[in-house]
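Going by the numbering used here, the letters in the sequence shown line up with residues 10 to 329, in that order. Note that the Cβ used here is the ideal one computed from N, Cα and C, for glycine as well. The model shown is predicted, which means the values in this text are computed figures rather than measured ones. Written below as structure tokens is the structure these notes are about.
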Amino acid sequence: MHAIMIDRPGGPEVLSWREVPDPRPGRGEIIIDVTASAVNRADLLQRQGLYDPPPGAPPYLGLECSGVVGEVGADVEGFAPGDRVCALLAGGGYAQRVAVPWQQVMRVPDRVDPVEAAGLPEVACTVWSNVFMTARLRKGETLLVHGGASGIGTLAVQLAKAFGSRVVVTAGSAEKIARCLELGADEGIDYREEDFAEKVRADVILDIIGGRYLAQNVKALKTGGRLVVIGMQGGTRGELDLGALLVKRASVHGTTLRSRPVDEKGAIVRSVVDDVWPLFDAGAIRPVVHARVPMSEAARAHRIVEAGEHVGKVLLTNDL
């Protein structure tokens with residue numbers, strides 16, 4: 010098969026499409042013939058040598074994919090060759106085939122395009138596990154989403170609205186805010202022009218920035234609020250006012266998804282299938298895709314994401 014290889018840590022130009030050995034299914038694993046994958050921020054960090062894959066993961070980039078089951082290993086439950094699926098990966102999506110534990114595989118929702126399904130597993134599992142399983146957002150509460158126009162943000166807006174919450178987003182342009190409002194957001198804040206902590210009080214905050222926003226996030230929380238930090242685009246360190254946190258009886262959660270054990274990922278995947286997939290089938294939420302790029306041109310897709318002008322997901326497609 011062919012896969013995207015990293016010749017050396019660096020910019021998008023270090024990515025190359027080369028022939029590599031085909032994966033074989035281990036016990037409890039499925040081989041997926043990959044229709045498409047998607048670009049995530051973690052891929053950019055791994056390309057730069059700043060985010061190593063967890064032990065046992067394929068060396069290739071790619072945290073999610075869609076495709077067709079090609080082979081099944083021993084002890085696989087509920088899947089057979091020919092099934093149309095998408096999957097949450099620890100790596101390996103930028104390839105023509107990938108091996109993945111069956112617990113992390115999901116059938117594609119009936120109303121979702123098989124290519125667009127490639128951009129769902131990472132964002133759906135991230136949003137659902139953090140906003141709903143960890144922070145327990147409830148109907149009538151307010152969710153603040155940083156990076157509302159990102160892949161994670163565009164799904165977080167739709168899911169929170171589908172469950173009856175008020176949603177406020179931050180974004181870096183009027184155009185991005187307008188797109189978030191179209192998806193159902195109640196309010197948008199241009200972080201270049203305004204201090205969100207002066208404008209909103211939220212029950213739950215989904216944060217991709219990290220250290221730089223820590224003090225503002227705590228200020229923006231309501232009493233009993235929950236801050237969930239899932240990214241560090243603004244650095245790993247910030248000053249936490251414990252007095253403010255205590256007075257508000259608030260909590261701060263830091264989480265990752267990629268390095269979790271298979272059983273934990275499997276529990277999240279099953280909850281997504283039970284609670285999120287029906288919303289796609291009902292037409293209540295939808296994938297948001299900015300561009301489809303041939304997988305062999307992954308460098309171009311990385312440049313699109315690094316430029317930061319996209320809304321939703323950038324997909325990588327295979328011609329099998």
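If you ignore the 5 residues before and after Tyr222, its C-beta comes within less than 8 Å of the C-beta of His155, Asp216, Gly243, Gly247, all in its own chain and listed in chain order. Minimum Cα-Cα distance from Glu28 among the listed residues Ala293, Trp137, Lys148, Tyr69 corresponds to Tyr69. Residue pairing of Asp42 in beta bridges, as defined by DSSP: Val77, Arg106. With a threshold of 16 other beta carbon atoms within 10 Å, Gln55 meets it and is buried. Taking a C-beta distance under 8 Å as the contact criterion, Gly128 and Tyr103 do not qualify as a contact pair. Separation of Arg145 and Asp61 (C-alpha to C-alpha, rounded to the nearest whole angstrom) is 30 Å.
Bridge pairing for Ser25: Met14 [DSSP]. If you check the CB distance, Met115 and Val278 come in under 8 Å. The beta carbon of Lys257 sits closer than 8 Å to the beta carbons of Val227, Leu230, Lys231, Thr232, Gly233, Gly234 from its chain, once the five residues preceding and following it are set aside; these are given in chain order.
Its Cα nearest to that of Asp204, the residue Thr179 stands out among Glu191, Ala183, Thr179.
Fewer than three Cβ pairs drawn from the stretch 134–145 and the stretch 293–312 lie within less than 8 Å of each other, which leaves the two stretches out of contact. The distance from the Cβ of Thr143 to that of Thr264 is about 6 Å, consistent with a contact at the 8 Å cut-off.
With respect to the 8 Å criterion, Gly181 and Leu190 are not classified as neighbours on the basis of their beta carbons. Bridge partners of Ser260 according to DSSP: Arg235.
For Gly79 against Asp52, the beta-carbon gap comes to about 23 Å, at or over 8 Å, which does not count as contact. Of the candidates Arg147, Val81, Val176, Val323, Val81 places its Cα closest to the Cα of Pro32. By the CB criterion at 8 Å, Gly58 and Pro21 fall outside the cutoff. Nearest Cα to Glu306 within the set Ile39, Ala47, Arg36: Ala47.
With a cutoff of 8 Å on beta-carbon distance, Arg301 and Val23 are scored as not near each other. DSSP, read as helix, strand or coil, puts Leu192 in coil.
For Asp216, there is no enclosing alpha helix (DSSP H); the enclosing beta strand (DSSP E) has its first and last residue at 211–216. For the options Arg36, Ala96, Ala206, Arg50, the alpha carbon positioned closest to that of Gly275 is the one of Ala96. For Gly240 against Gly219, the beta-carbon gap comes to about 6 Å, under 8 Å, which counts as contact. The Cβ atoms of Val166 and Gly193 sit closer than 8 Å to each other. For Ile198, the pairing in a beta bridge is given by DSSP as Thr179. In the DSSP annotation of this structure, the continuous segment of the alpha helix (DSSP H) that includes His311 starts and ends at 307–316. When DSSP states are grouped into helix, strand and coil, Pro130 belongs to the helix group. Linking Asn327 to Leu164 through their CA atoms gives a straight-line distance of about 24 Å.
In this structure, the beta-carbon distance from Ser138 to Leu254 does not fall below 8 Å.
For Met115, the secondary structure class from DSSP, reduced to helix, strand or coil, is strand.
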